[in-house]
Amino acid sequence: IQLLLEKHVFPDIIARVEGGLGAIASRGMRAVETKRLKNTLTTISATIHRNIKEAHGLAGTKFIELAELEATWQAASLKEALPLEGVSFNVPSPQTLRALVTNQPINGKRLREWFSDIENLTYHNVSQQLQIGLVNGETVQQMVRRLRGTAAAKFKDGVFNATRNRAATVVRTTANHVSSRAREATY
Numbered sequence: 009i010q011l012l013l014e015k016h017v018f019p020d021i022i023a024r025v026e027g028g029l030g031a032i033a034s035r036g037m038r039a040v041e042t043k044r045l046k047n048t049l050t051t052i053s054a055t056i057h058r059n060i061k062e063a064h065g066l067a068g069t070k071f072i073e074l075a076e077l078e079a080t081w082q083a084a085s086l087k088e089a090l091p092l093e094g095v096s097f098n099v100p101s102p103q104t105l106r107a108l109v110t111n112q113p114i115n116g117k118r119l120r121e122w123f124s125d126i127e128n129l130t131y132h133n134v135s136q137q138l139q140i141g142l143v144n145g146e147t148v149q150q151m152v153r154r155l156r157g158t159a160a161a162k163f164k165d166g167v168f169n170a171t172r173n174r175a176a177t178v179v180r181t182t183a184n185h186v187s188s189r190a191r192e193a194t195y
């Protein structure tokens, strides 16, 4: 997910900002009332949606693979630790493991809802920072710095960092959840 964010989502957003807001920033606040800001935000929203949807699909596939690996490992470990005649430890069906990833809530939300939250957070933060930048009369490059952050702070001071952090949290939490649930399903 991190790679998709860094290689596609964030560069696409920056390109849309530079392409869509260059004329607004050079003409000043009055131009904000035009359709250009709305059009730029619409294309940014579509870019975020498309890429987060792809990230959700990729992550879902990887989490299903994790569930299968965890369940297989758990069954093999139990068989090795408890070599009882007539007792077998079966791996849950692929449908059961898929349901662990796609249908079971993780801290109250399904995986698709967590990715929807990432999408909404990213759009909200980008939109807010662009509007603040325009109201303050900032250049496009200053607004890009608001989004990306600065090299001096290792890009931790931009709003993209909130998306990075949320994505990392979702991945860690989901991996933990899937591993735990796959082990439980093996019993």
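Reading the sequence shown from the start, the letters are residues 9 to 195 in the numbering used here. C-beta: ideal position from N, C-alpha, C; glycine also.
Handout entry: Residue-chain proximity (A161, chain C), Cβ-Cβ < 8 angstroms
Key = No chain C appears in the structure shown, which is made up of a single protein chain.
Exercise for the section: Report back the beta-carbon spacing between F18 and I60 to the nearest angstrom; my notes put them in contact at under 8 angstroms. Expected result: About 12 angstroms; that fails the 8 angstroms criterion.
Practice task
Please determine if the segment 68–76 and the segment 96–108 are in contact, where contact requires at least 3 C-beta pairs separated by less than 8 angstroms.
Solution key: yes
Handout entry: 8 angstroms Cβ cutoff met for I22 and T55
Key = Going by C-beta atoms, I22 is not nearer than 8 angstroms to T55.
Exercise for the section: Label Y131 either buried or exposed according to how many other C-beta atoms from any shown protein chain fall within 10 Å of its C-beta, with 16 as the threshold for buried. Expected result: Per the 10 Å Cβ criterion, buried.
Handout entry: Segment limits, alpha helix (DSSP H) that includes D125
Key = 119–143
Handout entry: Alpha-carbon spacing of Q136 relative to L66, whole angstroms
Key = Distance between the alpha carbons of Q136 and L66 is about 29 angstroms.
Practice task
Report yes if the CB atom of L6 is closer than 8 angstroms to the CB atom of M151, and no otherwise.
Solution key: One cannot answer for residue 6 here, as it falls past the ends of the chain, which runs 9 to 195.
Exercise for the section: Give me the Cα-Cα distance between H185 and I114, rounded to the nearest whole angstrom. Expected result: 7 angstroms
Exercise for the section: Confirm, please, whether the CB-CB distance from L119 to T182 is below 8 angstroms. Expected result: yes
Practice task
Let me know the secondary structure DSSP gives I114 once reduced to three states.
Solution key: strand
Handout entry: Nearest-angstrom Cα separation, counted from T104 out to G94
Key = 24 angstroms
Problem - N144 and G157 closer than 8 angstroms at C-beta - result: no
Exercise for the section: Count the other C-beta atoms from every protein chain shown that fall within 10 angstroms of the C-beta of E88, then say buried if there are 16 or more, exposed otherwise. Expected result: exposed
Practice task
Please go through the same chain and pick out, in chain order, the residues whose beta-carbon is closer than 7 angstroms to the beta-carbon of E62, but skip the five residues on each side of it.
Solution key: L12
Exercise for the section: Give the secondary structure of G30 by DSSP, where H, G and I count as helix, E and B as strand, and everything else as coil. Expected result: Of the three classes helix, strand and coil, the one that applies to G30 here is helix, per DSSP.
Problem - Span of the alpha helix (DSSP H) around N98 - result: Per DSSP, N98 belongs to no alpha helix (DSSP H) and is neither H nor E.
Exercise for the section: Could you work out which residue in G27, V25, S187, H16 is closest to L108 when comparing CA atoms only? Expected result: S187
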